[in-house]
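Contents: one structure, followed by commentary.
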Amino acid sequence: MYKYLFGPVPSRRLGISLGVDLLPFKTCSLNCIYCECKATTNLTLKRREWVPLQDVLSELEHYLVHNNPPDYVTLAGSGEPLLHTGAGKILSFLRDGLKGAKKVKSAVLTNGTLLFLPEVRSELVCADLVIPSLDAATTVSFKRINRPHPALDIHRIIEGLKIFCADFEGTVWLEVFIVPGINDTEKDLLALRDAIVYISPDLVQLNTLDRPGAVANIRPATREHLEYIVDFWNLPNVEIIARANTRKVKEAYLQDVESAILATITRRPCTLEDLVQILGLHPNEINKYLDVLESEKKIRVVQQQRGFFYEARE
Ligand code: SF4
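Its first residue numbered 40, the sequence shown is counted upward by one per residue in the numbering used here.
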């Protein structure tokens with residue numbers, strides 16, 4: 040059992056992805072209203088070795104020597120991975136490969152808030168793919184959707200993303216998360232469009248909620264609304280991330296994990312936190328299976344006082 044690795048999970052963008060979680064739950068520079076990992080309990084800009092780097096490297100080495108290589112090893116998890124000062128060392132370890140293990144590509148899911156710092160940009164030199172997010176380009180909407188650490192400034196973040204994209208030799212997909220009524224007024228969309236043109240990523244991916252977020256009463260954007268935004272922006276490199284139908288990535292889809300989740304919630308409805316505790320799996324991993332079960336109409340989500348509960352359909 041690994042402490043810092045999770046999955047591999049079937050990812051709609053990355054194929055089979057082995058996750059690396061570098062933060063204690065839930066440490067982040069943002070507290071996004073849509074966060075599937077729930078509310079940030081440690082809102083911080085402090086960069087440090089949040090978990091022991093050597094232990095993470097040892098787990099990775101063990102995994103890669105003893106298992107089939109995933110399509111990507113992805114720095115992601117319970118918060119913002121670039122808050123960890125060892126991210127660059129992990130990425131160079133993956134780039135250089137190791138004896139007895141096949142080389143594997145690396146991806147970083149980051150909220151992009153620290154890329155204005157040159158030392159953070161240089162951590163990413165060895166990454167193959169970086170997926171930063173940008174959900175708002177005005178101060179008001181940034182605060183509303185991302186609920187940032189008070190010292191963060193959206194204009195500085197956009198500048199950091201611009202410099203990063205200009206210098207980085209790998210691929211950058213900029214993710215924009217749309218929450219209707221929160222960051223999708225005409226003013227918001229125009230500001231986002233200007234920022235995207237300025238940052239100039241390789242690709243823009245429009246995303247919306249799949250799972251309940253950190254706050255109640257937010258809803259996903261419809262496919263039609265996302266298509267409207269693509270047309271409104273009229274930019275060449277924007278795609279909508281389709282809702283997962285992830286069972287087709289069979290190698291990483293474990294029937295026994297699905298059965299364990301179903302058996303648990305058939306006995307009694309559970310929140311994501313309950314499932315994490317009962318099954319001992321990472322929330323991101325459980326979310327992938329919930330995604331498939333929900334799209335196959337085997338489970339439903341019910342809002343109660345203690346949060347969102349998953350229950351089995353008859
Ligand atoms: S969605 Fe990402 S950036 Fe936002 S609070 Fe969650 S972990 Fe942090």
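All C-beta atoms, glycine included, are put in the ideal place defined by N, C-alpha and C.
Return the bridge partner residues of residue i from the DSSP annotation.
{"i": "SER50", "result": "GLY54"}
{"i": "SER210", "result": "Ser is not the amino acid found at residue 210; the sequence shown has Thr there. LEU168, per the DSSP bridge assignment."}
{"i": "ALA351", "result": "ILE338"}
{"i": "PHE203", "result": "PHE203 is not bridged to any residue."}
{"i": "GLY346", "result": "GLN343"}
{"i": "VAL59", "result": "LEU44 and LEU114"}
{"i": "PHE216", "result": "ASN246"}
Whose C-beta lies closer than 8 Å to the C-beta of residue i among residues of the same chain, with five residues either side of it excluded?
{"i": "GLU98", "result": "TYR41, LYS42, TYR43 and LEU44"}
{"i": "LYS226", "result": "THR177"}
{"i": "ASP233", "result": "ALA176"}
{"i": "ALA126", "result": "LEU61, LEU114, PRO120, VAL147, GLU162 and LEU163"}
Once the 5 residues before and after residue i are set aside, which same chain residues still bring their CB inside 7 Å of it?
{"i": "THR285", "result": "Low confidence applies here, because THR285 scores a pLDDT of 48, under 50, leaving its location unreliable and the question unanswered by this model."}
{"i": "LYS289", "result": "Per-residue confidence for LYS289 stands at a pLDDT of 47, beneath the threshold of 50, marking its modelled position as unreliable; the derived number appears in the next sentence. Correct list: empty, nothing qualifies."}
{"i": "LEU53", "result": "ASP110, TYR111, THR113 and ALA146"}
{"i": "LEU84", "result": "SER68, HIS188 and ALA190"}
When the Cα atoms are used, what is the spatial distance from residue i to residue j?
{"i": "THR210", "j": "ARG307", "result": "44 Å"}
{"i": "ILE55", "j": "LEU228", "result": "32 Å"}
{"i": "ASN323", "j": "PHE271", "result": "32 Å"}
{"i": "GLU198", "j": "PHE348", "result": "40 Å"}
{"i": "LEU69", "j": "LEU153", "result": "11 Å"}
{"i": "PRO109", "j": "LEU57", "result": "6 Å"}
{"i": "ALA175", "j": "PRO219", "result": "13 Å"}
{"i": "LEU311", "j": "CYS74", "result": "12 Å"}
{"i": "ILE279", "j": "ARG258", "result": "17 Å"}
{"i": "PRO275", "j": "LYS144", "result": "26 Å"}
{"i": "VAL159", "j": "LEU121", "result": "7 Å"}
{"i": "LEU148", "j": "HIS123", "result": "13 Å"}
{"i": "ALA115", "j": "ASP94", "result": "17 Å"}
{"i": "ASP223", "j": "ASN246", "result": "12 Å"}
{"i": "ALA299", "j": "LEU318", "result": "8 Å"}
{"i": "HIS188", "j": "LYS128", "result": "26 Å"}
{"i": "ALA230", "j": "LYS142", "result": "40 Å"}
{"i": "CYS67", "j": "GLU266", "result": "30 Å"}
{"i": "GLY346", "j": "LEU301", "result": "19 Å"}
{"i": "PRO240", "j": "ILE217", "result": "18 Å"}
{"i": "LEU200", "j": "CYS76", "result": "24 Å"}
Please return the same chain residues whose Cβ sits closer than 6 Å to the Cβ of residue i, not counting the five positions on each side in sequence.
{"i": "VAL296", "result": "TYR328"}
{"i": "TRP212", "result": "ILE170, LEU242 and GLN244"}
{"i": "LEU191", "result": "THR152"}
{"i": "VAL269", "result": "VAL277"}
{"i": "CYS165", "result": "LEU130, SER131 and ARG134"}
{"i": "LEU248", "result": "TYR73 and PRO259"}
{"i": "VAL315", "result": "PRO322"}
{"i": "THR79", "result": "LYS65, CYS67 and ASN70"}
{"i": "ASN81", "result": "THR66"}
Are the C-beta atoms of residue i and some chain D residue less than 8 Å apart?
{"i": "ARG51", "result": "Although the question refers to chain D, the structure presented lacks it and comprises just one protein chain."}
Along the chain, which unbroken stretches of the alpha helix (DSSP H) at least 4 residues long are found entirely within the stretch 259–320? 262–272, 294–306 and 311–318
Would you mind listing the alpha helix (DSSP H) stretches within the stretch 64–152 that are 4+ residues and don't spill past its ends, in chain order? 92–105 and 126–135
Sufficient close CB pairs (3 or more, under 8 Å) joining the stretch 88–99 to the stretch 333–350: Per the Cβ contact rule, the stretch 88–99 is not in contact with the stretch 333–350 (fewer than 3 Cβ pairs under 8 Å).
Contact between the stretch 58–67 and the stretch 177–185 (3+ Cβ pairs under 8 Å): no
Are there three or more Cβ pairs, one per stretch, closer than 8 Å when the stretch 198–209 is compared with the stretch 250–261? no
Entirely within the stretch 222–257 and at least 4 residues each: give me those alpha helix (DSSP H) ranges in chain order. 225–238
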